[in-house]
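Numbers in our numbering are just positions in the sequence shown, counted from 1, shifted up by 99. From the three backbone atoms N, C-alpha and C, an ideal C-beta is built for every residue, glycine too. Below is one structure; the comments refer to it alone.
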Amino acid sequence: MIEQGNLALLTDLYEYTMANGFQHEMEEERGSFDIFFRKLPDNGRFVVLAGIGTAIEELQKFHFDEEDLDYLRGLEIFSDKFLDYLRNFKFACKVSAITEGTPVFPREPVVTVEGPLIQAQLFETLLLNIINHQTLIATKARRIVAAAKGRTVMEFGARRAQGPASAVYGARAAVIGGCTSTSNMLAGQKFGIPVAGTMAHSWIEAFDDELSAFEAWGRIYPNNCSLLVDTYDVLGSGVPNAIKVFDQLSKQGYENFGIRIDSGDITQLSTQAREMLDLAGYNKATITASNALDEEIIQSLMSEGAAIDNFGVGENLITSASSPVLSGVYKLGAVQKADGRWVPKVKVSASIGKLTLPGRKQVYRLYDPRTGSPIADLVTLRSDDIPENIEEMKVLSADPEATKRFQTLKNVTAVTLQKEFLNEKGELQTELPNVFEVQKYSKAKLAELPSAKKRLLYPDEYPVYITESLYDQQQELIENNSL
Ligand SMILES: Nc1ncnc2c1ncn2[C@@H]1O[C@H](COP(=O)(O)OP(=O)(O)OP(=O)(O)O)[C@@H](O)[C@H]1O
Ligand SMILES: O=P(O)(O)OC[C@H]1O[C@H](OP(=O)(O)OP(=O)(O)O)[C@H](O)[C@@H]1O
Ligand SMILES: O=C(O)c1cccnc1
Numbered sequence: 100m101i102e103q104g105n106l107a108l109l110t111d112l113y114e115y116t117m118a119n120g121f122q123h124e125m126e127e128e129r130g131s132f133d134i135f136f137r138k139l140p141d142n143g144r145f146v147v148l149a150g151i152g153t154a155i156e157e158l159q160k161f162h163f164d165e166e167d168l169d170y171l172r173g174l175e176i177f178s179d180k181f182l183d184y185l186r187n188f189k190f191a192c193k194v195s196a197i198t199e200g201t202p203v204f205p206r207e208p209v210v211t212v213e214g215p216l217i218q219a220q221l222f223e224t225l226l227l228n229i230i231n232h233q234t235l236i237a238t239k240a241r242r243i244v245a246a247a248k249g250r251t252v253m254e255f256g257a258r259r260a261q262g263p264a265s266a267v268y269g270a271r272a273a274v275i276g277g278c279t280s281t282s283n284m285l286a287g288q289k290f291g292i293p294v295a296g297t298m299a300h301s302w303i304e305a306f307d308d309e310l311s312a313f314e315a316w317g318r319i320y321p322n323n324c325s326l327l328v329d330t331y332d333v334l335g336s337g338v339p340n341a342i343k344v345f346d347q348l349s350k351q352g353y354e355n356f357g358i359r360i361d362s363g364d365i366t367q368l369s370t371q372a373r374e375m376l377d378l379a380g381y382n383k384a385t386i387t388a389s390n391a392l393d394e395e396i397i398q399s400l401m402s403e404g405a406a407i408d409n410f411g412v413g414e415n416l417i418t419s420a421s422s423p424v425l426s427g428v429y430k431l432g433a434v435q436k437a438d439g440r441w442v443p444k445v446k447v448s449a450s451i452g453k454l455t456l457p458g459r460k461q462v463y464r465l466y467d468p469r470t471g472s473p474i475a476d477l478v479t480l481r482s483d484d485i486p487e488n489i490e491e492m493k494v495l496s497a498d499p500e501a502t503k504r505f506q507t508l509k510n511v512t513a514v515t516l517q518k519e520f521l522n523e524k525g526e527l528q529t530e531l532p533n534v535f536e537v538q539k540y541s542k543a544k545l546a547e548l549p550s551a552k553k554r555l556l557y558p559d560e561y562p563v564y565i566t567e568s569l570y571d572q573q574q575e576l577i578e579n580n581s582l
């Protein structure tokens, strides 16, 4: 399923019924659609944007096989003309996005798809599926990695992920969020992520005794011998037996040793295990902890002084268990008529929080040139003239529910965030970096943010503004009842 390479039907029926309808009614018209987030997981103030590389690759592969067309025909709801269009499907959308790994904020367009309505509509569900999932997991990984304060975090979640694709793409996202390795071999193969791990309790149980199990492991993997010490009694037998095996191996010149603790009070067990290892001369032997860890437990372990070098994190990371939904949306911002005119569109719903930003838009990150820190993001109309150095500009909060909406920006530097990834022929305009390049970029962009915006508990809000012209356009559309 993961390698199938054709996800054209991984979507909701209504995308196809609308596309079929657009061909009937508005074949010439084009649309500008934006993906953005409203409510963020774990009461955070930003998400780590992930899934862009995967999404672009899937769009480039988008096509229809005969069996897809047979299936669609069999539904008896689509015209022959539409089925012919799909048979000869030729990608014709321009796709722009914020660079993968960037911390992004509510309401700003992170991806924009512009192209024939009949086509751009078809991508909604697939793009949201990929970007919501990977952004959610990368954001959770960022929290866990932040709590680990420089200790490595290994992704261990494949067995608890919600199905195969979530395990594989979740591992990709976990690395974007800062994990250093995965236990998931398919993710390792597919994305070049280093695979790492220790052993399961079954290895130890399969032998007559713990020492024999450890010795056998040491014989097979002397170069990197990491032993699970909690099957019977961590301090009473696990660590002493591990030390016996390390003694045997170190006499043969090996020195890469470690233990893993997977139950009990990890602080007490790890600090005592550390003392025992150090006393035996193995102060370089690493201690890995696992067992339903998350950022809160890791913070608690760190504050208690647990002696952990590596954290193995599975279920809570791969499912973002504390906040398992990211509801990014794909909204129509403007329609281009057959005569070339772009007409802005707005969605006005009962809840003011769901009001959309109309028009074709761009996003800027605004830096204080004196400190080099970003102070806010600014969503503009593409037609707005935004100088690199803004001396003074009146802006409004992008949040329609904000109490204090008007602000004046003074002396800030504006950096464009969205860039073109695919042109209207589907040709790549910006190279897709590998997952560790994305991780590095993400780290650098996170480092720019003031720490108050990044803290795990009640972080400070980061403002997102809109220009006056964008605001005026929105208000005009609301007043005209968006006709
Ligand atoms: N010092 C600690 N501070 C906070 N949480 C901890 C600490 N030590 C362990 N934990 C966490 O407490 C939770 C429960 O641990 P416990 O060993 O009782 O797990 P368990 O799953 O019931 O045990 P087992 O894995 O042996 O079945 C786990 O999520 C574990 O990571
Ligand atoms: O707890 P996670 O963060 O998901 O990390 C992965 C878990 O997977 C393994 O457990 P296993 O499947 O053997 O079950 P267990 O809970 O009985 O240890 C391992 O021993 C970890 O505890
Ligand atoms: O290699 C490990 O130690 C491992 C891998 C997956 C899940 N739990 C542990």
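Query raised in the report: If you run the structure through DSSP and keep just helix, strand and coil, what is Arg464?
Result: It is a strand residue.
Requested in this report: Classify Gln351 as helix, strand or coil using the three-state DSSP reduction.
Outcome: In the structure shown, Gln351 sits in coil (DSSP, three-state: anything other than H, G, I, E or B).
Query raised in the report: Just the Cα atoms here: how many angstroms apart are Pro339 and Met375?
Result: Distance between the alpha carbons of Pro339 and Met375: 8 Å.
Query raised in the report: Bridge partners of Trp316, per DSSP?
Result: Looking at the DSSP assignment, Trp316 forms no beta bridge with any residue, so it has no partner.
Query - C-alpha gap between Thr479 and Thr566, whole angstroms - result: Within the model, the alpha-carbon separation for Thr479 versus Thr566 is close to 5 Å.
Query raised in the report: Looking only at DSSP bridge pairs, what is Gln435 linked to?
Result: Answer is Arg129 and Trp441, bridged to Gln435.
Report task. Check whether the Cβ of Asp364 lies closer than 7 Å to any heavy atom of ligand 1, and answer yes or no. Result -> For ligand 1, at least one heavy atom lies less than 7 Å from the Cβ of Asp364.
Query raised in the report: Comparing the CB of Ser419 with every heavy atom of ligand 2, is any distance shorter than 7 Å?
Result: Ser419 has its Cβ no nearer than 7 Å to any heavy atom of ligand 2.
Query raised in the report: What residues in its chain sit with their C-beta under 7 Å from that of Pro235, if we drop five residues either side in the sequence?
Result: Correcting the residue type first, residue 235 is Leu in the shown sequence and not Pro. Around Leu235: Pro140, Ser419 and Leu425.
Query raised in the report: Can you tell me the Cα-Cα spacing of Tyr540 and Glu166, whole angstroms?
Result: In this model, Tyr540 and Glu166 are separated by some 41 Å (Cα to Cα).
Requested in this report: Have a look at Arg464 and Glu157 and give me their C-alpha separation to the nearest angstrom.
Outcome: Taking the straight line from one Cα to the other gives about 28 Å.
Query raised in the report: Alpha carbon to alpha carbon, what distance is there between Gln233 and Gln538?
Result: About 13 Å.
Query - Glu222 beta carbon near ligand 3 (any heavy atom closer than 7 Å) - result: Before going on, a small fix: residue 222 reads as Phe here, not Glu. If you check the C-beta of Phe222 against ligand 3, you find no heavy atom less than 7 Å away.
Query raised in the report: Which residues in the same chain have their Cβ closer than 6 Å to the Cβ of Asn415, if we skip the five residues on either side of it in sequence?
Result: Correct list, in chain order: Asp393.
Query - Closest Cα partner of Val147 within the set Ser178, Asp164, Gln220 and Thr198 - result: Of the candidates Ser178, Asp164, Gln220 and Thr198, Thr198 places its Cα closest to the Cα of Val147.
Query raised in the report: Taking the C-alpha atoms as reference points, what is the distance between Ala237 and Asp179?
Result: If I take the Cα positions, the gap works out to 42 Å.
Query raised in the report: Where do the N-terminal and C-terminal ends of the alpha helix (DSSP H) with Asn119 fall, by residue?
Result: Leu112 to Glu124 is the span of the alpha helix (DSSP H), which, as asked, contains Asn119.
Query raised in the report: Would you call Lys193 buried or exposed, if buried means 16 or more other Cβ atoms sit within 10 Å of its Cβ?
Result: Taking all protein chains shown into account, Lys193 has 16 or more neighbouring C-beta atoms within 10 Å of its C-beta and is therefore buried.
Query raised in the report: Under the DSSP definition of a beta bridge, which residues are partnered with Arg359?
Result: DSSP lists Leu327 and Thr387 as partners of Arg359.
Query raised in the report: Can you give the Cα-Cα distance for Leu106 and Phe161, rounded to whole angstroms?
Result: Answer to the nearest angstrom: the Cα atoms are 7 Å apart.
Query - Contacts around Glu114, its chain only, beta-carbon distance under 7 Å, and the 5 residues preceding and following it disregarded - result: If we look at Glu114 and ignore the five residues flanking it on each side, its Cβ neighbours are Gln220, Leu221, Glu223 and Thr224.
Query - Within 8 Å, strictly: CB atoms of Pro558 and Arg206 - result: Inclusion of Pro558 and Arg206 in the CB contact set at 8 Å is not warranted, their separation being larger than that value.
Requested in this report: Look at the Cβ atom of Lys444, then the Cβ atom of Lys453, and state whether they are nearer than 8 Å.
Outcome: Contact flag unset, no.
Requested in this report: Return yes when the C-beta of Ser402 is under 7 Å from any heavy atom of ligand 1, and no when it is not.
Outcome: Ser402: no, Cβ never under 7 Å from ligand 1.
Requested in this report: Check the Cβ-Cβ distances between Ala513 and every residue of chain B, and say whether any is below 8 Å.
Outcome: Looking at the structure shown, chain B is missing, and only one protein chain is on hand.
Report task. For my contact list, Thr512 and Pro468 are in at a C-beta cut-off of 8 Å; report their separation, rounded to the angstrom. Result -> 5 Å between Cβ atoms; contact.
Query - Alpha-carbon spacing of Ser496 relative to Leu477, whole angstroms - result: Going from the Cα of Ser496 to the Cα of Leu477 covers about 9 Å.
Report task. Please report how far the alpha carbon of Gly97 lies from the alpha carbon of Asp498, in whole angstroms. Result -> Examination of residue 97 is not possible in this model, given that the chain is present from 100 through 582 alone.
Query raised in the report: What residue does the alpha helix (DSSP H) around Ser301 start on, and which one ends it?
Result: In this chain, the alpha helix (DSSP H) harbouring Ser301 covers His300 to Ala305.
Requested in this report: Say yes only if the C-beta of Gly287 is nearer than 7 Å to one or more non-hydrogen atoms of ligand 3, and no if none qualify.
Outcome: Not under cutoff, so the answer is no.
Query raised in the report: Where does the unbroken beta strand (DSSP E) through Ile489 begin, and where does it stop?
Result: First-last of the beta strand (DSSP E) with Ile489: Asn488 to Ser496.
Report task. Give the straight-line distance between the Cα atoms of Glu490 and Lys503, rounded to the nearest whole angstrom. Result -> Each residue's Cα considered, the two are about 22 Å apart.
Report task. Express the C-alpha separation of His300 and Gly363 in angstroms, rounding to a whole number. Result -> Between Gly363 and His300, the C-alpha separation is close to 15 Å.
Requested in this report: Could you tell me if the beta carbon of Glu414 falls within a distance shorter than 7 Å of some heavy atom in ligand 2?
Outcome: Indeed, a heavy atom of ligand 2 lies less than 7 Å from the Cβ.
Query raised in the report: What number of angstroms, rounded off, separates the C-alpha of Gln574 from the C-alpha of Ser482?
Result: Cα-Cα distance, rounded: 17 Å.
Query raised in the report: Which word fits Phe505, buried or exposed, when buried means at least 16 other C-beta atoms lie within 10 angstroms of its C-beta?
Result: The residue in question, Phe505, is exposed, as its Cβ has fewer than 16 Cβ neighbours within 10 Å.
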